[in-house]
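*Asks:* For reference, the structure I am asking about is given below.
In structure tokens, the structure reads:
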């Protein structure tokens, strides 16, 4: 072999070897790309599914608690179990039978057992602590809540009943004379006297208890436009005392009181209306409209102005204006911003003639102001002997207690009104009572060195 041949052979071999490597590399690269493409295609079409989590295959045992009854707002509503959180897996994939979710789904709530209706709250039973001492029947919970809200808006109702809860006998010669006074004044057509008569008839104070007759008197006063009588009559309809238990009738009186600018009426209307359907509410409004049309044509603004004039006239001693307003039908039991009636203001100022006129017209002489003081107490505080004697002649309660726990006797002894102390003791005022500070009338007299009063009280205590 020549030298040329010797050089050309290795070159040829090298050239062939390079082409082989290039071809092999291209083949491998193509296969790799094909594999990647196949893999991507498989992922896209779901041929290569990702492995499931290992924990999905492990059974989990849970101790299921006993079903707990669920409190409901309505007595007749069945209890419902609380909702469980939903699984995040697709709805088409059934949950394994041994999972906690499957077992929870299989637990059915117990069949609801009949629940007896709760007993009516005896909020208005005839007890000293009850808001309305003269009602025998207990109200349903919603009706009792309504009566309570009405009384919060018109504290006068509660003050009027306070004497009935005091430790005094309901049937005495004094209470019997008061009932006769109310009856005589009611016969003259005074709406407030009818109202006062109805209260003592309902309570059996000074007259045999007659709830039916009381309801009739309340209605007669209400039909004369007397607001407190409307509120009382609505309560009787809620309780079913003296009248049928009828929420629509109660609502009609609350509607009417609200139309006459009574806040208590507005509260009663709002609360009763929530327990009526649309038809019943329409019926209550229609009744209220008919009742208003039959009443005297006195608008709320005029009524309020007359009541204010009456209070001022009683305080100033203008007996002619007091007499005229009474003839026009003013509410003689109305109160001022301190809870004082016309009679209380007259007694406070010593206007005995006005006290005489109002007592004869059938006003409540034992009404109290916001501090629990009656007309008798104010006459004792200020030493108005003639006025106090007139009130005692009309059987005013001799031992009312004010907000500090003091009685008229304590007030008179403290202020040195000897004649007043003597008159109160003559009408069986209790000298042994103690006020909230633990002091008696004798202690109060000694604190002011009232020697004559001290001797009167020592004799009374000895007796």
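In the working numbering, the protein residues as written are 650 to 1112.
By construction, the Cβ of each residue, glycine as well, lies at the ideal position given by its N, Cα and C atoms.
#1: Which of the three DSSP states is assigned to residue 990 in this structure?
#2: Out of 1101, 867, 863, 807, point me to the one whose CA is closest to residue 1069's CA.
#3: Let me make sure I understand the geometry here. Which of 941, 1054, 863, 1012 has the alpha-carbon closest to that of residue 971?
#4: Among residues of its own chain, excluding the 5 on either side of residue 1025, which ones have a beta-carbon nearer than 6 angstroms to its beta-carbon?
#5: Could you check how far apart the C-beta atoms of residue 882 and residue 868 are, in whole angstroms? I think they sit under 8 angstroms.
#6: Rounding to the nearest angstrom, what Cα-Cα distance links residue 922 and residue 810 in this structure?
#7: Report, in whole angstroms, the separation of the C-beta atoms of residue 890 and residue 802, which I expect to be a contact under 8 angstroms.
#8: Looking only at C-alpha atoms, which of 1085, 1096, 1109 sits nearest to residue 1073?
#9: Could you compute how far the alpha carbon of residue 734 sits from the alpha carbon of residue 928?
#10: Tell me which residue opens and which closes the alpha helix (DSSP H) that residue 904 is part of.
#11: Who are the near neighbours of residue 914 in its chain, counting only those whose CB is closer than 6 angstroms to its CB and skipping five residues on each side?
#12: Name the DSSP bridge partner or partners of residue 984?
#13: DSSP state of residue 956, grouped into three classes?
#14: Could you compute how far the alpha carbon of residue 795 sits from the alpha carbon of residue 876?
#15: Using the three-state DSSP reduction, which class does residue 929 fall into: helix, strand or coil?
#16: Give the straight-line distance between the Cα atoms of residue 798 and residue 808, rounded to the nearest whole angstrom.
#17: Is the separation between the beta-carbon of residue 899 and that of residue 887 shorter than 8 angstroms?
#18: Using only the alpha-carbon positions, how far apart do residue 1083 and residue 1089 sit?
#19: By how many angstroms is the C-alpha of residue 999 removed from the C-alpha of residue 936?
#20: Would residue 947 pass as a contact of residue 981 if the rule is Cβ separation under 8 angstroms?
#21: In this structure, does DSSP put residue 772 in helix, strand or coil?
#22: Using 8 angstroms as the threshold, is the C-beta distance between residue 975 and residue 958 below it?
#23: Going by the CB atoms, is the gap between residue 1078 and residue 1048 shorter than 8 angstroms?
#24: Under the rule that 16 or more other beta-carbon atoms within 10 Å means buried, what is residue 745, buried or exposed?
#25: Taking all protein chains shown into account, do 16 or more other C-beta atoms lie within 10 angstroms of the C-beta of residue 1020, making it buried, or fewer, making it exposed?
#26: Under the three-state reduction of DSSP, which class applies to residue 1080: helix, strand or coil?
#27: Can you give me the C-alpha to C-alpha distance between residue 1080 and residue 1087, rounded to a whole angstrom?
#28: With distances taken from CA atoms, which of 1033, 1064, 792 is nearest residue 896?
#29: Buried or exposed, going by whether 16 or more other CB atoms sit within 10 Å of the CB of residue 1107?
#30: Which residues in the same chain have their Cβ closer than 6 angstroms to the Cβ of residue 962, if we skip the five residues on either side of it in sequence?
#31: Per DSSP, what kind of secondary structure is residue 1043 in: helix, strand or coil?
#32: Report the rounded CA-to-CA distance for residue 1065 versus residue 1071, giving the unit in angstroms.
*Replies:* In short, the structure shows the following:
#1: Position 341 of the chain shown, counting from 1, holds the residue named residue 990. Residue state, collapsed to three classes: strand.
#2: Counting from one through the chain shown, the residue named residue 1069 turns up at place 420. Taking only the C-alpha atoms, the option nearest residue 1069 is 1101.
#3: Here residue 971 is taken as the residue at index 322 of the chain shown, counted from 1. Ranking the options by Cα distance to residue 971, first place goes to 1012.
#4: Residue 1025 sits at position 376 when you count from the first residue of the chain shown. Taking C-beta separations shorter than 6 angstroms and ignoring five residues to either side along the sequence, the partners of residue 1025 in its chain run 1040, 1045, 1057, following chain order.
#5: Within the chain shown, the letter at position 233 stands for residue 882. Within the chain shown, the letter at position 219 stands for residue 868. Contact flag correct, Cβ pair sits at about 6 angstroms.
#6: For the purposes of this step, residue 922 is taken as the residue at position 273 of the chain shown. For the purposes of this step, residue 810 is taken as the residue at position 161 of the chain shown. Whole-angstrom Cα-Cα distance: 27 angstroms.
#7: Residue mapping note: residue 890 aligns to position 241 of the chain shown, counting from 1. Residue mapping note: residue 802 aligns to position 153 of the chain shown, counting from 1. In fact, because the Cβ distance is near 21 angstroms, the residues do not count as touching under 8 angstroms.
#8: In the chain shown, the residue the question calls residue 1073 occupies position 424. Ranked by Cα distance from residue 1073, the options 1085, 1096, 1109 are led by 1109.
#9: In the chain shown, residue 734 corresponds to position 85, counting from 1. In the chain shown, residue 928 corresponds to position 279, counting from 1. Only weak support is given to the placement of residue 734: the predicted model assigns it a pLDDT of 32, under 50, and the value that follows is read from those uncertain coordinates. Inter-residue distance for residue 734 and residue 928 is about 43 angstroms (C-alpha atoms, whole angstroms).
#10: Taking the chain shown and counting its residues from 1, the one referred to as residue 904 is at position 255. Residues 896-908.
#11: Here residue 914 refers to the residue found at position 265 of the chain shown. Excluding sequence neighbours, residue 914 sits near 903, 906, 907.
#12: To locate residue 984, count along the chain shown from 1; it is residue 335. Its beta-bridge partners are 990.
#13: On the chain shown, position 307 is the one that residue 956 refers to. Helix, per DSSP.
#14: The residue labelled residue 795 in the question sits at position 146 within the chain shown. The residue labelled residue 876 in the question sits at position 227 within the chain shown. Straight-line Cα distance between these residues: approximately 17 angstroms.
#15: Here the question's residue 929 lines up with position 280 in the chain shown. Residue 929: helix per DSSP, three-state reduction.
#16: Within the chain shown, residue 798 is the residue found at index 149, counting from 1. Within the chain shown, residue 808 is the residue found at index 159, counting from 1. Those two C-alpha atoms are separated by around 15 angstroms.
#17: Taking the first residue of the chain shown as 1, we reach residue 899 at position 250. Taking the first residue of the chain shown as 1, we reach residue 887 at position 238. Contact: yes.
#18: Here residue 1083 refers to the residue found at position 434 of the chain shown. Here residue 1089 refers to the residue found at position 440 of the chain shown. Rounded to the nearest whole angstrom, the CA to CA distance from residue 1083 to residue 1089 is 5 angstroms.
#19: Taking the chain shown and counting its residues from 1, the one referred to as residue 936 is at position 287. Taking the chain shown and counting its residues from 1, the one referred to as residue 999 is at position 350. The alpha-carbon atoms of residue 936 and residue 999 are separated by roughly 45 angstroms.
#20: Walking along the chain shown from the start, residue 947 turns up at place 298. Walking along the chain shown from the start, residue 981 turns up at place 332. Contact: no.
#21: Residue numbering aside, residue 772 sits at position 123 when the chain shown is read from its first letter. Confidence in residue 772 is poor, its pLDDT being 36 and thus under 50, which makes the residue's placement unreliable; the coordinate value appears in the next sentence. Coil, per DSSP.
#22: The count along the chain shown starts at 1 and reaches residue 975 at position 326. The count along the chain shown starts at 1 and reaches residue 958 at position 309. Cβ distance not < 8 angstroms, so residue 975 and residue 958 don't count as in contact.
#23: Your numbering for residue 1048 matches position 399 in the chain shown. Your numbering for residue 1078 matches position 429 in the chain shown. In contact: residue 1048 and residue 1078 (Cβ atoms closer than 8 angstroms).
#24: Position 96 of the chain shown holds residue 745. For residue 745, the pLDDT reaches just 37, beneath the cut-off of 50, and the residue's location in the model is therefore unreliable, although a value from the coordinates is still provided. Residue 745 is classed as exposed because its beta carbon has fewer than 16 other beta carbons within 10 Å across all chains shown.
#25: Counted from its first residue, the chain shown places residue 1020 at position 371. It counts as exposed.
#26: Here residue 1080 is taken as the residue at index 431 of the chain shown, counted from 1. For residue 1080, the three-state secondary structure derived from DSSP is coil.
#27: Residue numbering aside, residue 1080 sits at position 431 when the chain shown is read from its first letter. Residue numbering aside, residue 1087 sits at position 438 when the chain shown is read from its first letter. In a straight line, the C-alpha of residue 1080 is about 13 angstroms away from that of residue 1087.
#28: For the purposes of this step, residue 896 is taken as the residue at position 247 of the chain shown. Looking from the CA of residue 896, the closest CA among 1033, 1064, 792 belongs to 792.
#29: Along the chain shown, read from residue 1 onward, the residue named residue 1107 stands at position 458. Exposed: under 16 other Cβ atoms inside 10 Å.
#30: As a working note, residue 962 is residue 313 in the chain shown. Counting only Cβ-Cβ distances below 6 angstroms, and skipping sequence neighbours, we find 970, 971.
#31: Indexing the chain shown from 1 puts residue 1043 at position 394. Taken through DSSP and simplified to helix, strand or coil, residue 1043 comes out as coil.
#32: Counting from 1 along the chain shown, the entry for residue 1065 is found at position 416. Counting from 1 along the chain shown, the entry for residue 1071 is found at position 422. Approximately 11 angstroms between the Cα atoms of the pair.
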